[in-house]
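Visitor:
Numbering (our numbering), first residue to last: 360 to 442.
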């Protein structure tokens, strides 16, 4: 059984799989992310990081979404899987 590692979504690397634990966003951006499937307990796969590191692409609810570091650094996650 692997240890659970808590971190921010912006700290993840391509290939990582994580579970959302909380969102520290408010207002329109929070509502938009919730509508797109970024809800507590959802699994997110880190698909790709742009050459300069911002934005990053994530797969959640069978949809690929690009987020800027500003948004992804306010999403708290737990790393799952891995060796």
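Just so you know, even glycine gets a beta-carbon here, dropped at the ideal spot from N, CA and C.
Keep in mind it's a predicted model, so treat the numbers as computed, not measured.
So residue 370 is in the alpha helix (DSSP H); what residue range does that whole segment cover?
Guide: On the chain shown, residue 370 is found 11 positions in, with the first residue counted as 1. Neither: residue 370 is in no alpha helix (DSSP H) and is coded neither H nor E.
Visitor: Secondary structure at residue 382, three-state DSSP: helix, strand or coil?
Guide: Along the chain shown, one-based indexing puts residue 382 at 23. Of the three classes helix, strand and coil, the one that applies to residue 382 here is strand, per DSSP.
Visitor: Could you please give me the residues that DSSP links to residue 392 through a beta bridge?
Guide: The residue given as residue 392 occupies position 33 in the chain shown. Partner(s): none; residue 392 has no beta bridge.
Visitor: Drop a sphere of 10 angstroms on the beta-carbon of residue 420, count the other beta-carbons inside from all chains shown, and report buried for 16 or more, exposed for fewer.
Guide: In the chain shown, residue 420 corresponds to position 61, counting from 1. By the neighbour-count rule (16 or more Cβ atoms within 10 Å), residue 420 is not buried but exposed.
Visitor: Measuring alpha carbon to alpha carbon, tell me which residue in 382, 405, 432 is nearest residue 397.
Guide: Residue numbering aside, residue 397 sits at position 38 when the chain shown is read from its first letter. It is 382.
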